[in-house]
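Engineer: Sharing a structure here in structure tokens format.
Number of protein chains: 2
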Amino acid sequence: MNDRFELHERLAHDTYEVDDLDLCQVRLMNDSHYPWLILVPKRPGLRELHDLAEEDLPIMTRELVKASRAVESVFKPDKINIAALGNEVQQLHVHVIARFQTDAAWPGPVWGIQPARPYQNQELDDLLVELAGAFVDY
Amino acid sequence: MNDRFELHERLAHDTYEVDDLDLCQVRLMNDSHYPWLILVPKRPGLRELHDLAEEDLPIMTRELVKASRAVESVFKPDKINIAALGNEVQQLHVHVIARFQTDAAWPGPVWGIQPARPYQNQELDDLLVELAGAFVDY
Chain E
1 MNDRFELHER
11 LAHDTYEVDD
21 LDLCQVRLMN
31 DSHYPWLILV
41 PKRPGLRELH
51 DLAEEDLPIM
61 TRELVKASRA
71 VESVFKPDKI
81 NIAALGNEVQ
91 QLHVHVIARF
101 QTDAAWPGPV
111 WGIQPARPYQ
121 NQELDDLLVE
131 LAGAFVDY
Chain C
1 MNDRFELHER
11 LAHDTYEVDD
21 LDLCQVRLMN
31 DSHYPWLILV
41 PKRPGLRELH
51 DLAEEDLPIM
61 TRELVKASRA
71 VESVFKPDKI
81 NIAALGNEVQ
91 QLHVHVIARF
101 QTDAAWPGPV
111 WGIQPARPYQ
121 NQELDDLLVE
131 LAGAFVDY
């Protein structure tokens, strides 16, 4: 096991950095079907939530709540979905997804329903700025 | 909004009680396809994770870690999936699911893949005892 945190190459490929918190990198999934953040704790060798060190658990919780509030304020979704799955990419990462009754997967989960639809450049830049601002607020 | 906690009737119908922790009811989903717990915070009117009171957040985290460890010790899964979705049943509840590379939904999420397969009586009784014991251990 590597003793330094490195972001999994698939997460790096599929996402853009939004913010860098005490414990987690906050990243935006490059899929404009769903406003979708991913939080990745910057610790090496984590797979399960219970692998987090005792002292990191409250930080993880605080950062998840912060992400959930940021998603709510920016996107005003009908529901927020939070999930740590990791069946394919095993590096611990937590999804925080804005869901709408009008989205393509509703009311089911979003994974594997349709191919990602990448953001347009300007749309992406604006969104990253808006999201980073929302993290400052909470 | 009701000011007393009442378990949502669909959760009550689909699950069996395993344990009663400080914050959450721990329940077993009656679907033998996947060993699958649900944690329901006993507070009225919660929908999102960030609706939890500040003082309940560390308890929620501790109970989720406890559930994750119990699922790992009892089922020895390949991966644990943890998720708060709530698109259909909006009362805040968190899934803790033992996943196996051999299960019918792998590597996708479990929701909506196939109808639940209820446990047999003896199998259910044994499992509830074993799970409750695992919660004592952690």
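The listed protein sequences derive, respectively, from chains E and C.
Note that my numbering has the first sequence beginning at 1, numbered continuously upward.
Note that my numbering has the second sequence beginning at 1, numbered continuously upward.
Glycine included, each C-beta is placed from N, C-alpha and C at the ideal position.
By DSSP, does N121 (chain C) sit in helix, in strand, or in coil?
Structural biologist: As a working note, residue 121 (chain C) is residue 121 in the second sequence. In the structure shown, N121 (chain C) sits in a helix (DSSP, three-state: H, G or I).
Engineer: Touch check for the segment 16–33 of chain C and the segment 111–118 of chain C: three-plus C-beta pairs under 8 Å?
Structural biologist: Verdict: yes, contact present.
Engineer: Sort out for me which residues DSSP pairs Y16 (chain E) with in a bridge.
Structural biologist: On the first sequence, position 16 is the one that residue 16 (chain E) refers to. The partner list for Y16 (chain E) (beta bridge, DSSP) reads E:L28.
Engineer: With R62 (chain E) as the anchor, note down where its alpha helix (DSSP H) starts and where it stops.
Structural biologist: Counting from one through the first sequence, the residue named residue 62 (chain E) turns up at place 62. Per DSSP, R62 (chain E) belongs to the alpha helix (DSSP H) from 57–75.
Engineer: Can you find at least 3 beta carbon pairs, one from the segment 37–53 of chain E and one from the segment 60–76 of chain C, that sit closer than 8 Å?
Structural biologist: The segment 37–53 of chain E is in contact with the segment 60–76 of chain C.
Engineer: Excluding sequence positions up to five away, which residues of its chain have a Cβ less than 7 Å from the Cβ of F100 (chain C)?
Structural biologist: Taking the first residue of the second sequence as 1, we reach residue 100 (chain C) at position 100. Correct list, in chain order: P77, D78, W106.
Engineer: Tell me the residue span of the beta strand (DSSP E) that contains I113 (chain C).
Structural biologist: Here residue 113 (chain C) refers to the residue found at position 113 when the second sequence is read from its first residue. Element bounds for I113 (chain C): n/a, residue is neither H nor E.
Engineer: If you pair each beta-carbon of the segment 11–30 of chain E with each one of the segment 122–136 of chain E, do three or more pairs fall below 8 Å?
Structural biologist: Short answer: they touch.
Engineer: Sorted by chain position, which residues of the same chain lie with C-beta nearer than 7 Å to V26 (chain C)'s C-beta, five sequence neighbours on each side aside?
Structural biologist: Locating residue 26 (chain C) in the second sequence gives position 26, where the first residue counts as 1. V18, D19, L37, L39, A67, F135, listed in sequence order.
Engineer: CA-CA distance, V89 (chain E) and E9 (chain E)?
Structural biologist: In the first sequence, the residue the question calls residue 89 (chain E) occupies position 89. In the first sequence, the residue the question calls residue 9 (chain E) occupies position 9. Computed Cα separation, rounded: 9 Å.
Engineer: According to a CB-to-CB cut-off of less than 7 Å, which residues of the segment 9–33 of chain C neighbour chain E?
Structural biologist: Cβ contacts with chain E come from no residue of the segment 9–33 of chain C.
Engineer: Which residues in chain E have a C-beta closer than 8 Å to the C-beta of S68 (chain C)? List them in chain order.
Structural biologist: As a working note, residue 68 (chain C) is residue 68 in the second sequence. E48, L49, H50, listed in chain order.
Engineer: Rounded to whole angstroms, how far is the Cβ of I82 (chain E) from the Cβ of A83 (chain C), which I believe are closer than 8 Å?
Structural biologist: Counted from its first residue, the first sequence places residue 82 (chain E) at position 82. Counted from its first residue, the second sequence places residue 83 (chain C) at position 83. Between A83 (chain C) and I82 (chain E) the Cβ distance is about 7 Å, and since that is below 8 Å, they are a contact.
Engineer: Thinking C-beta only, is R43 (chain E) closer than 9 Å to F5 (chain E)?
Structural biologist: If you number the first sequence from 1, residue 5 (chain E) lands on position 5. If you number the first sequence from 1, residue 43 (chain E) lands on position 43. Yes; because the gap between Cβ atoms is below 9 Å, this pair is in contact.
Engineer: Please list, in chain order, the chain C residues whose beta carbon lies closer than 8 Å to that of K76 (chain E).
Structural biologist: Within the first sequence, residue 76 (chain E) is the residue found at index 76, counting from 1. In chain order: nothing, as chain C lies at least about 13 Å away.
Engineer: Would you list the residues sitting across from K42 (chain C) in a DSSP beta bridge?
Structural biologist: On the second sequence, residue 42 (chain C) is found 42 positions in, with the first residue counted as 1. DSSP output for K42 (chain C) lists no bridge partner at all.
Engineer: For V96 (chain E), name the three-state secondary structure that DSSP assigns.
Structural biologist: Here residue 96 (chain E) is taken as the residue at index 96 of the first sequence, counted from 1. It is a strand residue.
Engineer: Taking the beta strand (DSSP E) that A105 (chain C) belongs to, which residues open and close that run?
Structural biologist: The count along the second sequence starts at 1 and reaches residue 105 (chain C) at position 105. Per DSSP, A105 (chain C) belongs to no beta strand (DSSP E) and is neither H nor E.
Engineer: Using a C-beta to C-beta distance shorter than 7 Å, which residues of chain E count as neighbours of V65 (chain C)?
Structural biologist: Position 65 of the second sequence, counted from the first residue, corresponds to residue 65 (chain C). Neighbours of V65 (chain C) on chain E, chain order: L49, H50, L57.
Engineer: Along chain C, in chain order, which residues have C-beta atoms closer than 9 Å to that of I82 (chain E)?
Structural biologist: Working through the first sequence from its first residue, we reach residue 82 (chain E) at position 82. The contacting residues are E48, L49, I82, A83, A84, L85, V94.
Engineer: Kindly indicate if chain E contains any beta-carbon less than 9 Å away from that of W36 (chain C).
Structural biologist: Walking along the second sequence from the start, residue 36 (chain C) turns up at place 36. So, not an interface residue.
Engineer: By a C-beta neighbour count over all protein chains shown, 10 Å radius and 16 as the cutoff for buried, is G86 (chain E) buried or exposed?
Structural biologist: To locate residue 86 (chain E), count along the first sequence from 1; it is residue 86. Its Cβ being crowded by 16 or more others within 10 Å, G86 (chain E) is buried.
Engineer: Please confirm if T61 (chain C) has its CB atom under 9 Å from at least one CB of chain E.
Structural biologist: On the second sequence, residue 61 (chain C) is found 61 positions in, with the first residue counted as 1. It does; some Cβ of chain E falls within 9 Å.
Engineer: Under a Cβ-count criterion, where at least 16 other Cβ atoms within 10 Å of its own Cβ denotes burial, should H13 (chain E) be classed as buried or exposed?
Structural biologist: In the first sequence, counting from the first residue as 1, residue 13 (chain E) sits at position 13. H13 (chain E) is exposed by the Cβ-count criterion.
Engineer: Considering only the beta carbon of each residue, do I80 (chain C) and V94 (chain C) sit closer than 9 Å?
Structural biologist: In the second sequence, residue 80 (chain C) corresponds to position 80, counting from 1. In the second sequence, residue 94 (chain C) corresponds to position 94, counting from 1. Cβ atoms of I80 (chain C) and V94 (chain C): not closer than 9 Å.
Engineer: On the DSSP bridge assignment, give the partners of N81 (chain E) in chain order.
Structural biologist: The count along the first sequence starts at 1 and reaches residue 81 (chain E) at position 81. E:I97, per the DSSP bridge assignment.
Engineer: Determine the direct distance from the alpha carbon of P41 (chain E) to that of L128 (chain C), and round the result to whole angstroms.
Structural biologist: Working through the second sequence from its first residue, we reach residue 128 (chain C) at position 128. Working through the first sequence from its first residue, we reach residue 41 (chain E) at position 41. Computed Cα separation, rounded: 33 Å.
Engineer: Could you tell me how far apart the beta carbons of E130 (chain E) and V74 (chain E) are, in whole angstroms, since I believe they sit closer than 8 Å?
Structural biologist: Position 130 of the first sequence holds residue 130 (chain E). Position 74 of the first sequence holds residue 74 (chain E). That belief holds up - the Cβ atoms of E130 (chain E) and V74 (chain E) are roughly 6 Å apart, short of 8 Å.
Engineer: For P109 (chain E), go through chain C and note every residue whose CB falls closer than 7 Å to its CB, in chain order.
Structural biologist: Taking the first residue of the first sequence as 1, we reach residue 109 (chain E) at position 109. Correct list: L85, P109, W111.
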